[in-house]
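What follows is a short report on a single structure.
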Amino acid sequence: MGFFSRLFGRKKAKNEEKVKCSCHSEEVTAPEKATYVADLPAVGYVPNLQTPPGGKIKIALYWVAGCGGCDVSILDSDEKVLNIGTMADIVMWPIAADGKEHDIAAMEDGSITVSLINGAIRNSENEAMAKLLRQKSKLVISYGTCACFGGTPALANLVNNTHEVLDYVYTKTPSSASFQNEYHRDKAVLPQTSYKTPDGELTLPMIYDTVKSLDQVIDVDYYVPGCPPTQETISKLLNALIAFVYEGVALPPKGSYIGVEDKSLCEECPRHKENRRIEKIREPYEVNIDPDLCLMDQGILCLGAATVSGCGAKCTRVGQPCRGCYGPTRQVQEQGASIFTAVASLFPVTEEDPTCGEDKIIKTMSSIKDPLGYFYAFSMAKALIKGKVTEGGR
Ligand code: SF4
Ligand code: SF4
Ligand code: SF4
3 MGFFSRLFGR KKAKNEEKVK CSCHSEEVTA PEKATYVADL PAVGYVPNLQ
53 TPPGGKIKIA LYWVAGCGGC DVSILDSDEK VLNIGTMADI VMWPIAADGK
103 EHDIAAMEDG SITVSLINGA IRNSENEAMA KLLRQKSKLV ISYGTCACFG
153 GTPALANLVN NTHEVLDYVY TKTPSSASFQ NEYHRDKAVL PQTSYKTPDG
203 ELTLPMIYDT VKSLDQVIDV DYYVPGCPPT QETISKLLNA LIAFVYEGVA
253 LPPKGSYIGV EDKSLCEECP RHKENRRIEK IREPYEVNID PDLCLMDQGI
303 LCLGAATVSG CGAKCTRVGQ PCRGCYGPTR QVQEQGASIF TAVASLFPVT
353 EEDPTCGEDK IIKTMSSIKD PLGYFYAFSM AKALIKGKVT EGGR
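Residues 3 to 396, numbered by the numbering used here, are exactly what the sequence shown covers, in order.
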């Protein structure tokens, strides 16, 4: 039995059980239930790190439908990124290293120790690559909010119609409208999955109507939320991997969310809450922001109450409302609906003080620009709302 086989067959840790994963032949550890893991020590650059006793592990990093920010967050981790180079052979990382799809396809199943996949599943190529990496990897980490919850790409689910999205992007935005007007005045040209040229056929992946999170397409072992994950979160993940590879320390239970705590962001936010009643919703630029008072108390919509803690309240500390990028708390399945409820509870309608009538509530809520975009900016793929409904239409 090799070193890594022994690691993957290590002693049971608390809250774990042995299962045979359907995606690879070796036993891996599965949890009784998903866990939030925040108390991992963070690690900086380890100058004396040597090659692991069983030889370098293999790591793949891949982006599907994302913005690139998640990849950059790893590149941006200063000297810590060198730990990865010492510990692992990077078999694929399009942003930083070579490694082609056919190279991965030629590898034995389960021969990549860990794949970090960021981005949502938007098209047929995203899905094929996610499935390929799953097949070739012992562990798959859903890295970043797009992979965990759909992220901003999943806002397109509100339209749920690829043609409508492409038509808008390629004909209605100022730059694309001007391009089409100049070059395709008779009939606008949209991307096609296949195009015949004199030299052969060109193909593009098929874009799906519905954007999915990674775990809606493949089995995922761990989740690392954040848009992108903070350096603190990356350090915790890296430390867990180093301890696992070098010392055989058990990884957290399968399904764990790394770097988040089982409480809401409001609990780690330093601002004090007075639960003032909302009379008017304001944009941050409209308010001379009190540095100590809860932003909701100042009329600024903040999603902290429905968002899991872990980022260190990065935005609220500098006077910007939380937009919910770390995803919902465990108590909240529907992040958007939860914040709607939190906002509703702050309207001044109590039996003792029925000063806020229905008209006023509707007027106040209507002043929120793009409410679905605001409340579901990161979690649309896992929202109960699946798309828009048009009268007489879908
Ligand atoms: S989670 Fe944020 S940073 Fe990462 S790919 Fe998605 S949009 Fe970009
Ligand atoms: S609502 Fe926002 S500003 Fe207020 S305590 Fe919660 S996270 Fe902080
Ligand atoms: S405060 Fe909210 S939006 Fe900002 S980084 Fe943290 S979870 Fe993300």
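From the three backbone atoms N, C-alpha and C, an ideal C-beta is built for every residue, glycine too. On a predicted model such as this, the values are computed, not experimentally measured, just so you know.
- Using a cutoff of 8 Å, the CB of residue 323 counts as near ligand 2, since one of the ligand's heavy atoms is closer than that.
- At the C-beta level, residue 61 and residue 105 stay beyond 9 Å of one another.
- Shown here for residue 98: same chain residues with a beta carbon closer than 7 Å to its own, the five before and five after excluded, namely 77 in chain order.
- By the C-beta density criterion, residue 208 is exposed, having fewer than 16 other C-beta atoms within 10 angstroms.
- For residue 124, the enclosing beta strand (DSSP E) begins and ends at 123–125.
- Checking the 8 Å criterion, the Cβ of residue 149 is within range of a heavy atom belonging to ligand 1.
- Within the DSSP bridge table, the entry for residue 190 names no partner.
- Contact annotation: residue 147 and residue 380 have beta-carbon atoms nearer than 9 Å.
- Distances from the CA of residue 310 to each of 175, 301, 326 were compared; the closest alpha carbon is that of 326.
- Counting the other Cβ atoms within 10 Å of the Cβ of residue 263 gives 16 or more, which makes it buried.
- Under the DSSP assignment, residue 263 falls in the beta strand (DSSP E) whose first and last residues are 263–266.
- Taken through DSSP and simplified to helix, strand or coil, residue 110 comes out as coil.
- Close CB contacts of residue 222 within its chain, under the 7 Å cut and outside five residues either way in sequence, are with 142, 144, 216 (chain order).
- Note that the C-beta distance between residue 95 and residue 111 is not below 9 Å.
- For residue 214, the enclosing beta strand (DSSP E) has its first and last residue at 209–214.
- Residue 278 carries a coil assignment under DSSP once its states are collapsed to helix, strand and coil.
- Closer than 8 Å to some heavy atom of ligand 2: that does not describe the Cβ of residue 278.
- Taking residue 186 as reference, the option from 227, 172, 199 with the minimal CA-CA separation is 172.
- A straight-line Cα-Cα distance of about 19 Å links residue 204 and residue 102.
- Separation of residue 307 and residue 268 (C-alpha to C-alpha, rounded to the nearest whole angstrom) is 6 Å.
- In the structure shown, residue 315 falls within a coil segment according to DSSP collapsed to helix, strand and coil.
- In terms of CA proximity to residue 365, 280 leads the group 280, 316, 288.
- Segment contact: the segment 230–245 against the segment 160–179, fewer than three CB-CB distances shorter than 8 Å; contact not assigned.
- Set against 8 Å, the gap from the CB of residue 183 to the closest heavy atom of ligand 1 is not smaller.
- By the Cβ test, the segment 158–173 is in contact with the segment 190–200, since at least three Cβ pairs between them sit closer than 8 Å.
- The residue among 52, 68, 296, 166 with its C-alpha nearest the C-alpha of residue 275 is 296.
- Here the distance from the Cβ of residue 306 to the nearest heavy atom of ligand 2 is below 8 Å.
- Counting along the chain, residue 338 sits inside the alpha helix (DSSP H) bounded by residues 337–346.
- When the five nearest sequence neighbours on each side are left out, the beta carbons in the same chain lying within less than 6 Å of the beta carbon of residue 363 are those of 349, in order along the chain.
- Residue 225 and residue 335 have their C-alpha atoms some 16 Å from each other.
- For the segment 164–189, the full-length alpha helix (DSSP H) segments reaching 4 residues or more read 164–169, 176–185 along the chain.
- In this structure, residue 315 has its CB closer than 8 Å to one or more heavy atoms of ligand 2.
- For residue 54, same chain residues with a beta-carbon under 7 Å away, outside a window of 5 residues either side, are 89, 247, 248 in chain order.
- A check of alpha carbon separations from residue 305 across 339, 384, 138 identifies 339 as the nearest.
- Where residue 202 is concerned, there is no enclosing alpha helix (DSSP H), although the beta strand (DSSP E) around it starts and stops at 202–205.
- In the DSSP assignment, residue 120 is bridged to 65, 145.
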